[in-house]
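Numbers in the working numbering are just positions in the sequence shown, counted from 1, shifted up by 96. Every residue gets a Cβ at the ideal spot worked out from N, C-alpha and C, and that includes glycine. Okay, so here's the structure we're looking at.
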Amino acid sequence: MNTNYHWSLGPSIIALSLTLALSGCVDDGDTGPAGPAGMDGADGNDGSDGAPGLPQGVFLIANNGDSNRGTLTRADQNAAMLSQFTSGNNEGVMLDSTGNLFQAGDSSTGSLRTVCRMTSRSGGMYMPAYDKDITGANTGLTNPKGIHLAEHSGMVFVADFNGMRISIFGSQAAGDVTPVAEIPLSAKPWDVTVDEVNDRMYVALTDGTIAVYDNVMGSGFSPTVMRSIVPADADGNQLSVNLHGIVYDAGSDRLVVSDVGDAAVADDGQLFVINNAAMADGNTLPARQVGGPMSLLGNPVDIILTGTTLRVAEKSNDAILVFTNIFDGPDGDMAPTLATTTSKPESLAQVMPAMDLMDASDNALTATTINGIVVSSNPSAAGPTTGQISRYSAVLSSTLGSFDAGMSIESVTIDALGDGAVTFDDIDSAMGGVLIINRLASMRDDDSYTMSQDHMIMGANTGLVTPKGVDVSSAHGLVFVAEFNPDTPAVQVFSSCASGDVAPLLSLVASNDARPWDVDYDATTDRAFVALTNGTVAVFDEVTRQLMSGMTTITGEDRLITPAMGGAPITAPTNIHGIDYDPQSDSLVISDVGSAASATDGKLYVIPAAGMANGLAEMSVMIAGPNSMLGNPVDLMLSNGHVYVAEKSNNVIMRFDNILNSASGDIAADYSMSYTAPESVVVVPVN
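Written out as structure tokens, the structure reads:
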């Protein structure tokens, strides 16, 4: 973008306009002339109006000036700064529903960064231990500008200016990776928006046209149907010059686009509203056209829409402009409802209220519609099912989908967005890790691990050698991994956005070198329950509070639970594997494989009042025996009051209904299904 701006409007006029629009209170007006002695003077002039009463909101402003490039401003609805964050990137920004920030950058090499849970971080900066970056020769990124996140599919669309293309990456990709696809364009793009429901992409091109592609994802990112919308007057003369920002209002099927005109001129910017965008083609008369000196539009480089209120990043005139009721009103030179001075804004995003980020493992009793049961296969010797992750119906009667991790894997879990965290250990390198798989639960049927969509945490610094069970906290963007190796056993905690050879953010180390097999973190109580293979459960309190206070290692649990019956601990061999805590009933459900060499001595336990239990804890339910088919129940999860069990030695997935109120004894499962060497099971709710 050209920064040698020509102030044809005159800086004093613009400054005066901004000052008037920015006034947050009513001034008293000029003093009237003095009246004759003994008489009242003339009335003074009316004062200026105060700032408009805009609905409260929080917004992000990406800055791209010489003095603030690479920073983000968190601002209120009037664009007043609340805090600042250093992302290191300088172009288009978007947020997902968990508060992760995606931002393009071209101040050095082309880049697409993810800042994990940015909206809950007060101040701070991009950190590789928390965040990730897509950059390098393989990405093909040259000058990425505007971006769009298609959240259902987890695909990020990037407008690559000098590359003259749209590049698409999976939201969990990281590093020097090739894109999922590249869609070439006829002119240089500046911004892109996607109607994911109708699989349609709109691209703002700097030749003044809008490229429209239908059946984008349905065609495997090779759309053949392309239209061009050209804002034009009634005589067919093109009105647009250099389109930059673009937003689509799906409810009304309308586009709003911004036009910077000549980037060296600070008063020729425009806004266009296009009705019936889904079917528009060729020369199209805008439903509304705004521009002129009063509008303060010079270089409107980005726009966002909140209802019918349009916010504009006006770069040449150093302002955030707000136009209310953008779809209605006359054409022409309209002053913004509000203008706020800010230095060289480049892009805008609205911070929306956080979605319900309760994970499936923390929602055990609430009636929930199930989208499937995900299980992983881990045979002792490599075979056809090695690396297989399958999805089945809630009553284990039908196959819904499958995924190939491409390697021998251990446990799998799913976060609130449907992304997967999968542990693995590599015998050849004697090193383990975690795969973070984009939309594993929803979009990856008959697919496999690919760096264009997914990433991994692996390397000497991770401390992962033989990782087993895994859990996630979607609210905090954390992954908890039970590391089983005998030399450094611990639960290692990572940012879900971190990639590569990164050190854990926090290590939970049980007393007496006890080795963990599984972990369940409960965000409601900020408590981690760790299944230990010595037959006990370690409980760590205030986990994320201690992490946020700067702790990197917590040595020794707060409490140690020993399952008991009749006042005595369970007789050896006892070897706890699967674990799930339900905060609604304060119950802990755990599985005991007993002797790993026996296919008949497995057990299920329910421990009530588990949150503060310590020492011997009397169980309310114990299920074991031939009818139960419990031999090596290596994993379990509660949902809708039922417990799903991965029974590895007997090659079966089972469901025991109403487990918290079940009778004890040799009870058969209510539902079961054959499955080769199941290692883990996770319930996927419908979000």
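Span of the beta strand (DSSP E), counted from its first residue to its last, around Thr495: For this step, residue 495 is matched to residue 399 along the sequence shown. Element bounds for Thr495: Thr495 to Asp500.
Inter-residue spacing [alpha-carbon to alpha-carbon] between Thr465 and Val782: The sequence position of residue 465 within the sequence shown is 369, counting from 1. The sequence position of residue 782 within the sequence shown is 686, counting from 1. Distance between Thr465 and Val782, taken at the CA atoms: about 6 Å.
Local Cβ density within 10 Å of Ile523, reported as buried at 16 or more and exposed below that: Along the sequence shown, one-based indexing puts residue 523 at 427. The residue is exposed, with fewer than 16 neighbouring Cβ atoms inside 10 Å.
6 Å CB neighbourhood of Gly184 in its chain, flanking five on each side removed: For the purposes of this step, residue 184 is taken as residue 88 along the sequence shown, with counting starting at 1. If we look at Gly184 and ignore the five residues flanking it on each side, its Cβ neighbours are Gly166 and Tyr222.
Integer-rounded CB distance, given that Asn234 should sit under 8 Å from Asp256: Here the question's residue 256 lines up with position 160 in the sequence shown. Here the question's residue 234 lines up with position 138 in the sequence shown. 14 Å between Cβ atoms; not a contact.
Cut-off 8 Å between Cβ atoms - residues of its own chain near Gly134, not counting five sequence neighbours on either side: Taking the sequence shown and counting its residues from 1, one reaches residue 134 at position 38. Caution is warranted here: a pLDDT of 46 is assigned to Gly134, below 50, making its placement in the model unreliable, and the coordinate value is therefore given only provisionally. Cβ neighbours of Gly134 beyond the five flanking positions: none.
Pair within 8 Å by beta-carbon distance, Leu156 and Leu444: In the sequence shown, counting from the first residue as 1, residue 156 sits at position 60. In the sequence shown, counting from the first residue as 1, residue 444 sits at position 348. Yes.
Assumed close pair Ala330, Leu381 - CB separation to whole angstroms, cut-off 8 Å: Within the sequence shown, the letter at position 234 stands for residue 330. Within the sequence shown, the letter at position 285 stands for residue 381. The beta-carbon distance between Ala330 and Leu381, rounded to whole angstroms, is 6 Å. This is short enough to meet the 8 Å contact definition.
Those runs of the beta strand (DSSP E) which lie wholly inside the stretch 280-364 and span at least 3 residues: 285-291, 296-301, 306-310, 321-327, 339-345 and 350-355
Cβ neighbour criterion (16 or more within 10 Å) applied to Asn788: No answer is possible for residue 788: the residues shown for the chain start at 97 and end at 783.
Beta-carbon separation (whole angstroms), Val397 vs His340, contact threshold 8 Å: Along the sequence shown, one-based indexing puts residue 397 at 301. Along the sequence shown, one-based indexing puts residue 340 at 244. At roughly 5 Å, the Cβ-Cβ gap stays under 8 Å, so Val397 and His340 are in contact.
Cβ pair count under 8 Å reaching 3, the stretch 687-694 against the stretch 660-677: yes
Those runs of the beta strand (DSSP E) which lie wholly inside the stretch 589-646 and span at least 3 residues: Whole beta strand (DSSP E) segments, 3+ residues: 602-605, 612-618, 623-628 and 633-636.
Residue(s) in a DSSP beta bridge with Asp278: The sequence position of residue 278 within the sequence shown is 182, counting from 1. It is worth fixing the name first, because residue 278 is Glu in this sequence and not Asp. DSSP output for Glu278 lists Ser263 as bridge partner(s).
Endpoints, beta strand (DSSP E) assigned at Gly528: Position 432 of the sequence shown, counting from 1, holds the residue named residue 528. From DSSP, the beta strand (DSSP E) with Gly528 extends over Met527 to Ile533.
Every unbroken beta strand (DSSP E) inside the stretch 413-470 [3 residues or more]: 415-419, 434-437 and 441-447
Opening and closing residue of the beta strand (DSSP E) in which Gly387 lies: The residue you call residue 387 lines up with position 291 of the sequence shown. That run of the beta strand (DSSP E) goes Arg384 to Gly387.
Other residues of its chain near Ser473: CB distance less than 6 Å, five sequence neighbours each side excluded: As a working mapping, residue 473 is identified with position 377 in the sequence shown. Only Thr481, Gln484, Thr772 and Ala773 meet the Cβ criterion.
The stretch 269-283 in contact with the stretch 309-327 per 3-pair CB rule at 8 Å: yes
Where Thr238 sits in the DSSP three-state scheme: Taking the first residue of the sequence shown as 1, we reach residue 238 at position 142. Note: Thr238 maps to coil in three-state DSSP.
Val635 versus Leu700 - alpha carbon distance: Along the sequence shown, read from residue 1 onward, the residue named residue 635 stands at position 539. Along the sequence shown, read from residue 1 onward, the residue named residue 700 stands at position 604. Val635 and Leu700: Cα-Cα distance of roughly 19 Å.
Burial state of Asp272 (16 or more Cβ within 10 Å): Taking the sequence shown and counting its residues from 1, one reaches residue 272 at position 176. With fewer than 16 Cβ atoms within 10 Å of its Cβ, Asp272 is classed as exposed.
Burial state of Val189 (16 or more Cβ within 10 Å): Walking along the sequence shown from the start, residue 189 turns up at place 93. Val189 should be labelled buried.
Asn754 burial status per 10 Å Cβ neighbour count (16 or more: buried): If you number the sequence shown from 1, residue 754 lands on position 658. The residue in question, Asn754, is exposed, as its Cβ has fewer than 16 Cβ neighbours within 10 Å.
Whether Leu453 touches Ser570 by CB criterion (8 Å): Looking up residue 453 in the sequence shown gives position 357. Looking up residue 570 in the sequence shown gives position 474. Going by C-beta atoms, Leu453 is nearer than 8 Å to Ser570.
CA-to-CA distance, Thr651 to Ser776, given in whole angstroms: Taking the sequence shown and counting its residues from 1, one reaches residue 776 at position 680. Taking the sequence shown and counting its residues from 1, one reaches residue 651 at position 555. Each residue's Cα considered, the two are about 27 Å apart.
Glu187 to Asn557 span [Cα, whole Å]: Here residue 187 is taken as the residue at index 91 of the sequence shown, counted from 1. Here residue 557 is taken as the residue at index 461 of the sequence shown, counted from 1. C-alpha separation (whole angstroms): 32 Å.
For Pro722, three-class secondary structure by DSSP: The residue labelled residue 722 in the question sits at position 626 within the sequence shown. Helix, per DSSP.
Nearest neighbour of Ser486, chosen from Ala478, Val748 and Thr495 [CA to CA]: Walking along the sequence shown from the start, residue 486 turns up at place 390. Minimum Cα distance to Ser486 is reached at Thr495.
Segment contact flag, the stretch 561-568 with the stretch 524-543, C-beta cutoff 8 Å, min 3 pairs: In the pairwise beta carbon analysis, the stretch 561-568 is classified as touching the stretch 524-543: at least three pairs are separated by under 8 Å.
Segment limits, beta strand (DSSP E) that includes Phe257: Taking the first residue of the sequence shown as position 1, residue 257 is located at position 161. Unbroken run through Phe257: none, as it is neither H nor E.
Range covered by the beta strand (DSSP E) that runs through Ala561: As a first step, residue 561 is located in the sequence shown; it is residue number 465 there, counting from the start. The displayed chain sequence assigns Val, not Ala, to residue 561. According to the DSSP assignment, Val561 belongs to no beta strand (DSSP E), since it is labelled neither H nor E.
Residue span of the beta strand (DSSP E) that contains Ser391, given as start and end: Taking the sequence shown and counting its residues from 1, one reaches residue 391 at position 295. Here Ser391 belongs to no beta strand (DSSP E), and DSSP marks it neither H nor E.
Bounding residues of the beta strand (DSSP E) (the contiguous stretch that carries Lys228): The residue given as residue 228 occupies position 132 in the sequence shown. Counting along the chain, Lys228 sits inside the beta strand (DSSP E) bounded by residues Lys228 to Thr231.
Trp286 vs Thr302 beta-carbon contact at 8 Å: Translated into the one-based positions of the sequence shown, residue 286 becomes position 190. Translated into the one-based positions of the sequence shown, residue 302 becomes position 206. Yes; because the gap between Cβ atoms is below 8 Å, this pair is in contact.
Ala556 (DSSP reduced to helix, strand or coil): Against the sequence shown, residue 556 aligns to sequence position 460. Residue state, collapsed to three classes: helix.
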